[in-house]
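The structure appears below as structure tokens.
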Amino acid sequence: MVKKCAVKNCMSGSIAKRKMKLKQNNRPTALFQVPKCPSMLQKWNLALSQQLLPKNFVCELHFKEEDINKKFDRIILPNGDIYDIKSQI
Ligand SMILES: [Zn+2]
Numbered sequence: 001m002v003k004k005c006a007v008k009n010c011m012s013g014s015i016a017k018r019k020m021k022l023k024q025n026n027r028p029t030a031l032f033q034v035p036k037c038p039s040m041l042q043k044w045n046l047a048l049s050q051q052l053l054p055k056n057f058v059c060e061l062h063f064k065e066e067d068i069n070k071k072f073d074r075i076i077l078p079n080g081d082i083y084d085i086k087s088q089i
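Counting from 1, position 47 in the sequence shown corresponds to residue 47 in full-length UniProt numbering; the numbering is continuous, with no gaps.
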């Protein structure tokens, strides 16, 4: 199964969108697996106003570009929490 963003109405995981991005010579949208830690997961749920499951992925579109530190795979959630994570493309 293709990994896709779990956020409601997000189209980043759709095949058409991925093909379009590759055509434009862009890298595919990065997906981040939601945290396994229940308290961190709760923060993601609050930040995204959505109930996420530990197996879900959230794409980079829901984080500010400057909040994703690609070198260290560090992202900062809309509520200011910092989270280090391995990016999965
Ligand atoms: Zn998304």
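Heads up, the beta-carbon is just placed ideally off N, CA and C, and yes, glycines get one too.
In whole angstroms, give me the CA-to-CA distance for Phe63 and Ala30.
11 Å
What did DSSP end up calling Gln33 once you bin it into helix, strand or coil?
strand
Only counting the same chain, and skipping five residues up and downstream in sequence, which positions put a Cβ closer than 8 Å to that of Leu41?
Val34, Pro35, Leu52, Pro54
Using DSSP bridges, identify the partner residues of Ile82.
Ile76
Compute the minimum distance between the beta carbon of Val34 and the heavy atoms of ligand 3, and state whether it is under 6 Å.
What this structure holds is ligand 1, not ligand 3.
Residue range of the beta strand (DSSP E) that Phe57 falls in?
57 to 59
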